[in-house]
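Protein chains in written order, with this note's numbering: chain D, 133 to 244; chain S, 12 to 126.
Just so you know, even glycine gets a beta-carbon here, dropped at the ideal spot from N, CA and C.
Computed from a predicted model, the values in this text were never measured in an experiment.
Working notes, structure below.
What follows is the structure, encoded as structure tokens:
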């Protein structure tokens, strides 16, 4: 059974800092890996989806990498802003790509 | 472009009552998912549909939970009778089928409190 772990559970940084969030998974036979953002009282917003054949994806200040062989993904946030404060979750699908297994999330606080 | 729409946003009811949560997926999406989020268990998939047909309901906790998708633009999750341990945020998500895997898009959730 796939297990997804995210480290750290919480992170507090000053504005402007570059930071890395980590995600690891136990079964490397994945179709893709997805990073989400969740704001308090809100649903999840998809940030980046990396296909299994890709090594990384970029969107603005966000860069996500994927290393299937080691069962790891990182989400890099450049020049962090207070508006980046949220919980970030990674998720991997099982088998056909439908059932997602989520990590427990990293709660990020960017202080002005 | 409207996202996934869920209603109600908040529901407070007494134990034993029937609860119905509603979801309208993004138009054109052929997958629909129901999740439950709690502090203790995180995000759990309850059931998902493809083309209105339930594919995997192994996450539905017990017979008190049921889900339907009568057409491509509407789904319900029903709890009858409700219990305090059902208190959670329930999310609906939808996804399109594509040549490559497509991301799931989530609604804002229904915060359910059973007293």
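C-beta atoms of residue i and residue j nearer than 8 Å
i: residue 125 (chain S); j: residue 26 (chain S); result: yes
i: residue 135 (chain D); j: residue 157 (chain D); result: yes
i: residue 68 (chain S); j: residue 58 (chain S); result: yes
i: residue 121 (chain S); j: residue 36 (chain S); result: no
i: residue 154 (chain D); j: residue 183 (chain D); result: no
i: residue 230 (chain D); j: residue 42 (chain S); result: yes
i: residue 48 (chain S); j: residue 119 (chain S); result: no
i: residue 181 (chain D); j: residue 240 (chain D); result: no
i: residue 130 (chain S); j: residue 39 (chain S); result: For residue 130 (chain S) there is no data in the structure shown, the boundaries of chain S being 12 and 126.
i: residue 29 (chain S); j: residue 92 (chain S); result: yes
Nonlocal neighbours in the same chain, by C-beta distance under 7 Å from residue i, ignoring five residues either side
i: residue 117 (chain S); result: 15, 102 and 104
i: residue 31 (chain S); result: 87 and 89
i: residue 234 (chain D); result: 136, 221 and 223
i: residue 79 (chain S); result: 86 and 87
Neighbour flag for residue i against chain D, beta carbons, 8 Å
i: residue 101 (chain S); result: no
i: residue 114 (chain S); result: yes
i: residue 66 (chain S); result: yes
i: residue 123 (chain S); result: no
i: residue 119 (chain S); result: yes
i: residue 53 (chain S); result: yes
i: residue 56 (chain S); result: yes
Whole-Å CB distance - residue i paired with residue j, under 8 Å assumed
i: residue 212 (chain D); j: residue 152 (chain D); result: Rounded, the Cβ-Cβ distance is 11 Å, inconsistent with contact.
i: residue 224 (chain D); j: residue 232 (chain D); result: 7 Å
i: residue 236 (chain D); j: residue 109 (chain S); result: Incorrect: roughly 28 Å between the Cβ atoms, too far for contact.
i: residue 238 (chain D); j: residue 172 (chain D); result: Contact doesn't hold; Cβ gap of about 15 Å is too wide.
Other residues of its chain near residue i: CB distance less than 6 Å, five sequence neighbours each side excluded
i: residue 169 (chain D); result: 177, 179, 218 and 220
i: residue 197 (chain D); result: 188 and 206
i: residue 23 (chain S); result: 124
Neighbour flag for residue i against chain S, beta carbons, 8 Å
i: residue 188 (chain D); result: no
i: residue 200 (chain D); result: no
i: residue 169 (chain D); result: no
i: residue 231 (chain D); result: yes
i: residue 178 (chain D); result: yes
i: residue 135 (chain D); result: no
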